[in-house]
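The UniProt record's numbering puts the first residue of the sequence shown at 1, with every later residue one more than the last.
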Amino acid sequence: MHGGPPSGDSACPLRTIKRVQFGILSPDEMKRMSVTEGGIKYPETTEGGRPKLGGLMDPRQGVIERTGRCQTCAGNMTECPGHFGHIELAKPVFHNNPKIKDILGKSKGQPKKRLTHVYDLCKGKNICEGGEEMDHKFGVEQPEGDEDLTKEKGHGGCGRYQPRIRRSGLELYAEWKHVNEDSQEKKILLSPERVH
């Protein structure tokens with residue numbers, strides 16, 4: 001690619017792509033960047049033959065016809081990049097799209113290696129506990145002159161048995177080998193509300 005004349009209808013110069021960066025936006029960042037204040041509220045796309053404000057084809061999100069102008073940037077179809085809106089869900093939901101896993105698997109830096117240290121620390125542990133081995137692993141310094149103080153094993157943890165998370169279809173279950181209380185069930189359905 002070169003920086004010569006523009007190709008097609010775009011007025012942007014042609015350039016070599018040096019890098020592409022992917023990231024995850026928090027819900028607050030999405031709402032702040034959204035052009036639809038309060039979110040998309042209506043399932044209808046049009047009203048009276050025109051795009052409905054607050055609908056799925058809100059005109060603030062970009063141009064939908066060749067002769068139109070964007071209500072956010074005033075660009076035409078070739079100039080406007082498009083803008084995103086958001087939908088406020090009434091209840092939390094799990095997002096189980098396998099494309100996210102595919103993107104992470106194909107991304108640079110081998111994502112499997114990113115959590116190796118955390119996985120090594122947690123592998124085989126089924127009780128919530130902190131401890132000296134975690135402090136040393138993550139470089140937490142101990143105060144000088146406290147050698148005679150007895151450290152409690154598992155400081156920083158709650159001491160409860162931790163479940164294994166299993167997926168069955170679209171549902172997630174937590175299964176405990178050992179229960180924390182007699183009244184606790186060994187297997188429970190994890191709803192999005194409970195996880196949130």
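Note that the Cβ used here is the ideal one computed from N, Cα and C, for glycine as well.
Just so we're clear, the structure is a prediction, and the values are computed from it rather than from any experiment.
Handout entry: Assigned exposure category for P51 - 16 Cβ within 10 Å defines buried
Key = buried
Handout entry: Stretch pair the stretch 58-78 + the stretch 87-99: three plus CB contacts closer than 8 angstroms
Key = With a cut-off of 8 angstroms on Cβ pairs, the stretch 58-78 is not in contact with the stretch 87-99, counting fewer than three such pairs.
Practice task
Determine which residues share a DSSP beta bridge with E88 and list them.
Solution key: Answer is none; E88 lacks a bridge partner.
Exercise for the section: Please work out which residues of its chain come closer than 6 angstroms, Cβ to Cβ, to G82, disregarding the five sequence neighbours upstream and downstream, and give them in chain order. Expected result: G62
Exercise for the section: Could you tell me if G55 is buried or exposed, where buried requires 16 or more neighbouring beta carbons within 10 angstroms of its beta carbon? Expected result: buried
Handout entry: Candidates E193, R194, Y161 and G105: closest to D182 by CA position
Key = Y161
Problem - Between the CA atoms of P59 and L53 - distance to the nearest angstrom - result: 7 angstroms
Problem - Start-to-end residues for the alpha helix (DSSP H) that takes in K31 - result: For K31, the enclosing alpha helix (DSSP H) starts and ends at P27 to M33.
Problem - Secondary structure of V20, DSSP reduced to three states - result: Coil.
Practice task
Take H196 and list the residues in its own chain whose beta-carbon comes closer than 6 angstroms to its own, dropping the five residues that flank it on each side.
Solution key: P92
Exercise for the section: Excluding the 5 residues preceding and the 5 following I188 in the sequence, name in chain order all residues of the same chain whose CB lies nearer than 6 angstroms to its CB. Expected result: If the five residues before and after I188 are omitted, its C-beta is found closer than 6 angstroms to the C-beta atoms of A174, all from its own chain and listed in chain order.
Practice task
Note down, in chain order, each residue of its chain lying with its Cβ closer than 6 angstroms to the Cβ of T45, except the 5 sequence neighbours on either side.
Solution key: So the qualifying residues of the chain are G55, L56 and M57.
Exercise for the section: May I ask you to report which of helix, strand or coil DSSP gives P59? Expected result: helix
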